[in-house]
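Input: a single structure, listed below in structure tokens.
Number of protein chains: 2
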Amino acid sequence: MARESTCRFAILGMLCREPMNGYGLRSAIERSVGHFWQESYGNLYPTLDRMAEERLVELDPEEPSQGGRVRKVYRVTTAGRAALAEWLRRPTLPHVERNELLLKLFFGAQVGSEDSLAHVERSRAEAEGLLATLRLIDEDVRQSRRNDPELAYQHLSIRAGLLGLEAHLRWCDEAHEALQRLTGSTKKRGSR
Amino acid sequence: MARESTCRFAILGMLCREPMNGYGLRSAIERSVGHFWQESYGNLYPTLDRMAEERLVELDPEEPSQGGRVRKVYRVTTAGRAALAEWLRRPTLPHVERNELLLKLFFGAQVGSEDSLAHVERSRAEAEGLLATLRLIDEDVRQSRRNDPELAYQHLSIRAGLLGLEAHLRWCDEAHEALQRLTGSTKKRGSR
DNA sequence: GCCTGATATATCAGCCTGATATATCTGGCC
DNA sequence: GGCCAGATATATCAGGCTGATATATCAGGC
Numbered sequence: 193m194a195r196e197s198t199c200r201f202a203i204l205g206m207l208c209r210e211p212m213n214g215y216g217l218r219s220a221i222e223r224s225v226g227h228f229w230q231e232s233y234g235n236l237y238p239t240l241d242r243m244a245e246e247r248l249v250e251l252d253p254e255e256p257s258q259g260g261r262v263r264k265v266y267r268v269t270t271a272g273r274a275a276l277a278e279w280l281r282r283p284t285l286p287h288v289e290r291n292e293l294l295l296k297l298f299f300g301a302q303v304g305s306e307d308s309l310a311h312v313e314r315s316r317a318e319a320e321g322l323l324a325t326l327r328l329i330d331e332d333v334r335q336s337r338r339n340d341p342e343l344a345y346q347h348l349s350i351r352a353g354l355l356g357l358e359a360h361l362r363w364c365d366e367a368h369e370a371l372q373r374l375t376g377s378t379k380k381r382g383s384r
Numbered sequence: 193m194a195r196e197s198t199c200r201f202a203i204l205g206m207l208c209r210e211p212m213n214g215y216g217l218r219s220a221i222e223r224s225v226g227h228f229w230q231e232s233y234g235n236l237y238p239t240l241d242r243m244a245e246e247r248l249v250e251l252d253p254e255e256p257s258q259g260g261r262v263r264k265v266y267r268v269t270t271a272g273r274a275a276l277a278e279w280l281r282r283p284t285l286p287h288v289e290r291n292e293l294l295l296k297l298f299f300g301a302q303v304g305s306e307d308s309l310a311h312v313e314r315s316r317a318e319a320e321g322l323l324a325t326l327r328l329i330d331e332d333v334r335q336s337r338r339n340d341p342e343l344a345y346q347h348l349s350i351r352a353g354l355l356g357l358e359a360h361l362r363w364c365d366e367a368h369e370a371l372q373r374l375t376g377s378t379k380k381r382g383s384r
């Protein structure tokens, strides 16, 4: 059996907050959980179709497609809520994330420390950017749902992101230093 | 255009160290970069076939399939080395990793703090296990390639893993505390 | 009336995972 | 010698998912 589509549950979780169309789902996911979860249209639209067949979601009759514009607003059904609750209680399967940066550094000796240094510098800059984005998301979540008891739950993921990024920045500095030391000693021995 | 198969380059990097068969590649990847990169047989074997067609790797004539046993040992070609070097220099595309644990916690209010607490506790235990595995990998890399200049490069990924896991453990403790405070206040208000 | 950028849905090639199937080899045990 | 368990070895497939591409509508500025 192949692994179960997690996209289903991201959709159900978002639709539990308010009915939305595919495009809106993408934006809502990007805005609220974008720092650790993303969905592409190529995944969302077929998944929504399947979920409608399975009666986990249904088209909102309040929002008919007006004029020439096709607009399919979905809302979650009782079965959908039950499926989400079941998934939320189920333990996650452990999964090793693929880290392309680390793979390039692992084989870095093949091309030399200058290229590895460049990778680390780019990664550091990217992490600084993500940190800024995360603070925006934090702001957004706090503002839009100020008195919501869900806020504490949502804040957990933001803290995870902040702690993770801080650790990554520290690693970047450490790695940068190590690679520079390596460049120095290689140069002393006459190699480029 | 779909994204490029990164599996190719994991294979090339490993084969640059020594010729191997598909099964050996899986073990070598698991042992050396397993904490941030994994490959399944279902990906490795077809990719090796394609790479042989593209002349990035070739069957090692030194290792004929002996007896009834099929054994295909691959080695990297000059074109393969060039392709690896080109990839190693190319910047990585930024990519948001999917974090199922955070997604479950984000929607955690739907089922209550007990289930979220259980997720955090399981994740903490898993992280402790990974930390132990990482120390074994560290040991393995240090021992098997003691005088190798590649060691410094390989150590970078281990440090990344250690710093990341430490940050994750700290987050687990923080999240656990926050969720317990939440359970307490919910109980005071009479709800389970 | 035109253009730009946001809104909106749909589809596809190709990568990748986890599962399944199949067969051989090695070493321990009786 | 014969048997078994576990490691070695290759192959295939359904189904999830990404990134690209195509297409069309709507809102606002000029």
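Residue numbers (our numbering), protein chains in the order written: chain A, 193 to 384; chain B, 193 to 384.
The beta-carbon is built from N, C-alpha and C at its ideal position, and this holds for glycine as well.
Since the structure is predicted, the reported quantities are computational estimates derived from the model, not experimental observations.
Between the Cα of residue i and those of the options, spot the shortest distance and give me the residue it belongs to.
i: Glu222 of chain A; options: B:Leu354, B:His347, B:Val288 and B:Ser308; result: B:Val288
i: Phe201 of chain A; options: A:Asp252, A:Thr375 and A:Thr284; result: A:Thr284
i: Asp340 of chain A; options: B:Ser197, B:Thr198 and B:Phe299; result: B:Phe299
i: Leu204 of chain A; options: A:Arg373, A:Glu320, A:Glu313 and A:Trp279; result: A:Trp279
i: Leu147 of chain A; options: A:Leu236, A:Met212 and A:Glu369; result: Outside the shown range of chain A (193 to 384) lies residue 147 of chain A, about which nothing can therefore be said.
i: Phe228 of chain B; options: B:Glu313, B:Ser315, B:Gln346 and B:Glu331; result: B:Gln346
i: Gly226 of chain A; options: A:Asp330, A:Asp365 and A:Gln372; result: A:Asp330
i: Leu361 of chain A; options: A:Ser315, A:Gln372 and A:Leu371; result: A:Ser315
i: Met212 of chain A; options: A:Pro286, A:Lys296, A:Val268 and A:Leu297; result: A:Val268
i: Met243 of chain B; options: B:Thr198, B:Pro253 and B:Pro286; result: B:Thr198
Could you tell me whether the Cβ atoms of residue i and residue j are closer together than 8 Å?
i: Leu447 of chain A; j: Ser349 of chain B; result: Since the displayed chain A opens at 193 and closes at 384, residue 447 of chain A lies outside it and no answer follows.
i: Val249 of chain B; j: Leu207 of chain B; result: yes
i: Glu342 of chain A; j: Ala301 of chain B; result: yes
i: Leu326 of chain B; j: Ala359 of chain A; result: no
i: Leu251 of chain A; j: Lys264 of chain A; result: yes
i: Arg290 of chain A; j: Ala271 of chain A; result: no
i: Arg282 of chain A; j: Val303 of chain B; result: no
i: Leu357 of chain A; j: Ala324 of chain A; result: no
i: Leu236 of chain B; j: Gly214 of chain B; result: yes
i: Arg334 of chain A; j: Trp363 of chain B; result: no
i: Leu374 of chain A; j: Ala220 of chain B; result: no
What did DSSP end up calling residue i once you bin it into helix, strand or coil?
i: Arg384 of chain B; result: For Arg384 of chain B, the predicted model reports a pLDDT of 43, less than 50, meaning its position is unreliable and no value from the coordinates is stated.
i: Val225 of chain B; result: helix
i: Glu313 of chain A; result: helix
i: Leu285 of chain A; result: coil
i: Glu246 of chain A; result: coil
i: Arg351 of chain A; result: helix
i: Val268 of chain B; result: strand
Applying the 10 Å Cβ sphere with the 16-neighbour rule, what's the burial state of residue i?
i: Gly353 of chain B; result: buried
i: Arg218 of chain B; result: buried
i: Tyr266 of chain A; result: buried
i: Gly382 of chain A; result: Confidence in Gly382 of chain A is poor, its pLDDT being 46 and thus under 50, which makes the residue's placement unreliable; the coordinate value appears in the next sentence. It is exposed - the Cβ of Gly382 of chain A has fewer than 16 other Cβ atoms within 10 Å.
i: Leu328 of chain B; result: exposed
i: Glu292 of chain B; result: buried
i: Ser232 of chain B; result: exposed
i: Ala274 of chain B; result: exposed
i: Ser305 of chain B; result: buried
i: Ala317 of chain B; result: exposed
i: Arg384 of chain B; result: For Arg384 of chain B, the pLDDT reaches just 43, beneath the cut-off of 50, and the residue's location in the model is therefore unreliable, leaving the point undetermined.
i: Asp365 of chain B; result: exposed
At which residue ranges does the region 355-379 of chain A contain complete alpha helix (DSSP H) runs of 4 or more residues, listed in the order of the chain? none
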